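A.B. asks: My questions will all concern the structure given below.
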Amino acid sequence: MRSLINILDLTVEEIDELLAVAEDIIANRSKYSEICHGKKLATLFFEPSTRTRLSFEAAMMELGGNVLGFSEAQSSSASKGETVADTTRVVSCYADIIAMRHPKEGAPLVASMYSSVPVINAGDGGHNHPTQTLTDLLTIKRKKGKLSDFTIGFCGDLKFGRTVHSLIQALSRYTGIKIVLISPDELKLPSYIKNDVLKKNNIEYVQTDSLEKVLPDLDVLYMTRVQKERFLSEEEYIRLRDSYILTKAKLKNAKEDLSILHPLPRVNEISTDVDEDSRACYFEQALNGKFVRMAPILKLLEITVD
Ligand code: NCD
Numbered sequence: 032m033r034s035l036i037n038i039l040d041l042t043v044e045e046i047d048e049l050l051a052v053a054e055d056i057i058a059n060r061s062k063y064s065e066i067c068h069g070k071k072l073a074t075l076f077f078e079p080s081t082r083t084r085l086s087f088e089a090a091m092m093e094l095g096g097n098v099l100g101f102s103e104a105q106s107s108s109a110s111k112g113e114t115v116a117d118t119t120r121v122v123s124c125y126a127d128i129i130a131m132r133h134p135k136e137g138a139p140l141v142a143s144m145y146s147s148v149p150v151i152n153a154g155d156g157g158h159n160h161p162t163q164t165l166t167d168l169l170t171i172k173r174k175k176g177k178l179s180d181f182t183i184g185f186c187g188d189l190k191f192g193r194t195v196h197s198l199i200q201a202l203s204r205y206t207g208i209k210i211v212l213i214s215p216d217e218l219k220l221p222s223y224i225k226n227d228v229l230k231k232n233n234i235e236y237v238q239t240d241s242l243e244k245v246l247p248d249l250d251v252l253y254m255t256r257v258q259k260e261r262f263l264s265e266e267e268y269i270r271l272r273d274s275y276i277l278t279k280a281k282l283k284n285a286k287e288d289l290s291i292l293h294p295l296p297r298v299n300e301i302s303t304d305v306d307e308d309s310r311a312c313y314f315e316q317a318l319n320g321k322f323v324r325m326a327p328i329l330k331l332l333e334i335t336v337d
């Protein structure tokens with residue numbers, strides 16, 4: 032593995048290995064504290080971020096490495112018209128590894144073609160977000176003890192939600208996964224994912240617009256924000272943004288051991304009265320994001336621990 036652009040760049044064995052490294056990091060923090068000494072991670076964020084950028088930076092710092100970078104396109108030479116290819120070619124002279132977020136689908140892939148160091152896709156438009164998927168998988172594994180044989184509901188913006196696309200791709204590699212797609216008609220999962228991922232791999236799935244109806248069947252509920260920044264019309268966004276709001280009252284009919292995930296940020300789609308429910312996992316999920324990102328950093332830098 033030279034770069035991590037798409038979750039499908041990884042085999043199931045490689046995913047399992049990265050999750051095992053993350054588990055070992057959680058259990059043995061001190062073993063890893065100086066392991067990236069002298070190494071630099073560049074975070075090139077052309078789009079807003081809180082968790083992804085800061086957890087990448089915290090991950091590298093906790094491994095004993097350093098970080099540099101920018102958090103908005105306006106403060107980089109992209110604002111002067113520099114291409115992603117040129118920016119990456121130059122930054123790869125200054126850093127040992129790059130994490131890039133970009134509003135254009137495919138930009139991190141282009142970056143990886145011009146970079147002399149590994150590139151990690153930290154989210155490209157409405158396309159993919161592989162390290163969020165590692166975060167989600169680690170969270171499910173720690174909650175359920177397995178990554179097979181469960182029913183997962185994806186609720187909200189399945190059209191533009193890149194975390195949904197990547198997680199569905201990853202789960203299609205595991206066995207016994209049933210997928211429930213919950214969205215308004217306008218925000219349905221793109222047909223390329225339905226055809227190339229779900230149908231091709233014979234994954235059992237259903238589509239509905241009612242969260243209430245399917246909630247009792249779910250082992251995992253993956254809530255998402257309606258992706259305002261991807262809408263062409265603000266009116267359309269306003270009409271759809273509150274399509275689903277999970278409340279404590281609605282959870283009455285859900286399973287006792289349901290795990291509620293959300294990549295965050297949350298806007299309105301999970302009411303704060305759910306936060307204290309033992310089924311809410313999203314803040315733990317954000318913590319897992321820091322640990323899990325250490326694993327691909329180590330793998331791509333080819334650093335191993337005994
Ligand atoms: C997600 C993203 O950027 O795609 N956030 C994240 O990385 N945790 C989800 C979102 O912005 O809604």
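Mapping to my numbering: the sequence shown position 90 is 121, numbers consecutive.
Glycine included, each C-beta is placed from N, C-alpha and C at the ideal position.
None of these values were measured; they are calculated from a predicted model.
Based on DSSP bridge pairs, tell me the residues matched to F181.
C.D. replies: Here residue 181 is taken as the residue at index 150 of the sequence shown, counted from 1. F181 is bridged to I208.
A.B. asks: With distances taken Cα to Cα, identify the nearest neighbour of R324 among E88, F76 and F77.
C.D. replies: In the sequence shown, the residue the question calls residue 324 occupies position 293. That would be E88, whose Cα lies nearest to the Cα of R324.
A.B. asks: By how many angstroms is the C-alpha of L277 removed from the C-alpha of T303?
C.D. replies: Position 272 of the sequence shown, counted from the start, is the residue given in the question as residue 303. Position 246 of the sequence shown, counted from the start, is the residue given in the question as residue 277. Straight-line Cα distance between these residues: approximately 9 Å.
A.B. asks: Using 8 Å as the cut-off, can you tell me whether the region 90-109 makes contact with the region 68-78, which would need three or more C-beta pairs spanning the two stretches below that distance?
C.D. replies: yes
A.B. asks: What residue does the alpha helix (DSSP H) around A326 start on, and which one ends it?
C.D. replies: Taking the sequence shown and counting its residues from 1, one reaches residue 326 at position 295. From DSSP, the alpha helix (DSSP H) with A326 extends over Y313 to L331.
A.B. asks: Between G184 and D248, is the Cβ-Cβ spacing less than 9 Å?
C.D. replies: Taking the sequence shown and counting its residues from 1, one reaches residue 184 at position 153. Taking the sequence shown and counting its residues from 1, one reaches residue 248 at position 217. Contact flag set, yes.
A.B. asks: What distance in whole Å lies between the Cβ atoms of T164 and A201, which are believed to be in contact at a cut-off of 8 Å?
C.D. replies: For the purposes of this step, residue 201 is taken as the residue at position 170 of the sequence shown. For the purposes of this step, residue 164 is taken as the residue at position 133 of the sequence shown. That pair is a contact at about 5 Å.
A.B. asks: So does R324 have its beta carbon nearer than 8 Å to some heavy atom of the ligand NCD?
C.D. replies: Counted from its first residue, the sequence shown places residue 324 at position 293. R324: no, Cβ never under 8 Å from the ligand NCD.
A.B. asks: Using beta-carbon positions only, say whether Y253 and L198 come within less than 9 Å of one another.
C.D. replies: Counted from its first residue, the sequence shown places residue 253 at position 222. Counted from its first residue, the sequence shown places residue 198 at position 167. Closer than 9 Å, so yes.
A.B. asks: Where does N59 land, buried or exposed, given buried means 16+ other C-beta within 10 angstroms?
C.D. replies: Your numbering for residue 59 matches position 28 in the sequence shown. With fewer than 16 Cβ atoms within 10 Å of its Cβ, N59 is classed as exposed.
A.B. asks: On the three-state DSSP scale, how would you describe A138?
C.D. replies: Taking the first residue of the sequence shown as position 1, residue 138 is located at position 107. Looking at A138 - three-state DSSP - the assignment turns out to be helix.
A.B. asks: Just curious, the beta strand (DSSP E) that T74 is in, first and last residue?
C.D. replies: As a working mapping, residue 74 is identified with position 43 in the sequence shown. Unbroken beta strand (DSSP E) run through T74: K71 to F76.
A.B. asks: Kindly indicate which three-state DSSP category S274 falls into: helix, strand or coil?
C.D. replies: Taking the first residue of the sequence shown as 1, we reach residue 274 at position 243. Coil.
A.B. asks: So who's on the other strand from R132, going by DSSP bridges?
C.D. replies: Residue mapping note: residue 132 aligns to position 101 of the sequence shown, counting from 1. DSSP lists F76 as the bridge partner or partners of R132.
A.B. asks: Pull up the distance between the alpha-carbon of S108 and that of I224, whole angstroms please.
C.D. replies: Here residue 108 is taken as the residue at index 77 of the sequence shown, counted from 1. Here residue 224 is taken as the residue at index 193 of the sequence shown, counted from 1. Their Cα atoms are separated by approximately 34 Å.
A.B. asks: Residues in the same chain with beta-carbon distance under 6 Å from G207, minus the five sequence neighbours each way, listed in chain order, please.
C.D. replies: Reading the sequence shown from its first residue, position 176 is the one you call residue 207. S179 and D180, listed in sequence order.
A.B. asks: I'd like to check one pair, R84 with A142: are the Cβ atoms closer than 9 Å?
C.D. replies: By one-based count along the sequence shown, residue 142 stands at place 111. By one-based count along the sequence shown, residue 84 stands at place 53. No, Cβ-Cβ distance for A142 and R84 is not below 9 Å.
A.B. asks: Does at least one heavy atom of the ligand NCD sit under 8 Å from the Cβ of P221?
C.D. replies: For this step, residue 221 is matched to residue 190 along the sequence shown. No, since every heavy atom of the ligand NCD falls outside the 8 Å radius drawn around the Cβ of P221.
A.B. asks: Looking at the unbroken beta strand (DSSP E) that takes in I56, where does it start and where does it end?
C.D. replies: As a position in the sequence shown, residue 56 is number 25, starting the count at 1. Here I56 belongs to no beta strand (DSSP E); instead the alpha helix (DSSP H) covers V43 to A58.
A.B. asks: With a CB to CB cut of under 6 Å and the five nearest residues on each side skipped, what residues in its chain are close to K230?
C.D. replies: Counting from one through the sequence shown, the residue named residue 230 turns up at place 199. Closer than 6 Å at Cβ, skipping near neighbours: no residue.
A.B. asks: Does the Cβ of S274 lie closer than 8 Å to at least one heavy atom of the ligand NCD?
C.D. replies: Taking the first residue of the sequence shown as position 1, residue 274 is located at position 243. No - the ligand NCD has no heavy atom lying nearer than 8 Å to the Cβ of S274.
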